[in-house]
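K.L.:
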Amino acid sequence: MPAGILVLAGGMLAAGPAAAEYVFASPSVSNQNRVYWLDRYTGTVGACQYQAGGGPAGSMACFPPGEGARAMPSGDYDLKGSNWETEWGVFRLNRMTGEISLCFVKEAEVVCTPQAIAR
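Residue numbers (our numbering): 5 to 123.
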């Protein structure tokens with residue numbers, strides 16, 4: 005009987021919300037120490053960068069999702085850096101629809117262009 009209870013408890017846990025899975029990418033510009041993160045299922049994008057000072061090891065400054073970088077329709081998203089050596093942003097790709105947008109830090113948050121697709 006205890007085994008049945010464990011199975012039931014495991015089933016209830018499995019029915020809960022799915023855990024986020026993240027992808028990370030850096031822009032190709034060589035004088036930047038920023039990394040972007042993306043929630044693979046919602047398309048939400050944010051970024052963090054190292055800052056000297058703020059303690060013996062420095063600190064991290066993070067930029068929350070802003071306009072266009074917040075949750076999108078559920079999908080399978082990815083991040084790609086550009087091959088252009090002066091690019092400060094990263095591309096958000098919707099692997100299910102083929103839509104692409106460019107995301108970058110603007111002031112104190114991450115913003116993304118509207119998604120577009122060439123067909």
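We put the beta carbon where it would ideally sit given N, CA and C, even for glycine. Since the model is a prediction, treat every value here as computed from it, not as a measurement.
Would you mind reading off the limits of the beta strand (DSSP E) that contains W92?
P.N.:
Unbroken run through W92: none, as it is neither H nor E.
K.L.:
In angstroms with no decimal places, state the Cα-to-Cα distance between L2 and Q55.
P.N.:
The structure shown has nothing for residue 2, since the chain only spans 5 to 123.
K.L.:
Beta strand (DSSP E) containing Q53: first to last residue?
P.N.:
From DSSP, the beta strand (DSSP E) with Q53 extends over V49 to Q55.
K.L.:
Out of curiosity, what's the CA-to-CA distance linking Q119 and S105?
P.N.:
In this structure, the CA atom of Q119 is about 5 angstroms from the CA atom of S105.
K.L.:
Note down the Cα distance separating A135 from R123, rounded to an integer number of angstroms.
P.N.:
Residue 135 lies beyond the stretch modelled for the chain, which goes from 5 to 123, so this question has no answer here.
K.L.:
Please tell me whether W92 and F67 are closer than 8 angstroms, where the distance is taken between their beta carbons.
P.N.:
It is not a contact, given that the beta carbons lie outside the stated cut-off.
K.L.:
If you drop the 5 nearest sequence neighbours on each side, which residues of the same chain put their C-beta closer than 6 angstroms to that of I9?
P.N.:
For I9, the predicted model reports a pLDDT of 39, less than 50, meaning its position is unreliable; a value from the coordinates is still stated below. Once the five neighbours on either side are set aside, I9 has no close Cβ partner at all.
K.L.:
What is the DSSP secondary structure of Y45, reduced to helix, strand or coil?
P.N.:
coil
K.L.:
Tell me, please, which residues DSSP counts as bridged to E113.
P.N.:
K110
K.L.:
Going by other Cβ atoms of all chains shown within 10 Å of its Cβ, with 16 needed for buried, is Y26 buried or exposed?
P.N.:
exposed
K.L.:
Identify the residues that DSSP records as bridge partners of V39: which are they?
P.N.:
C52
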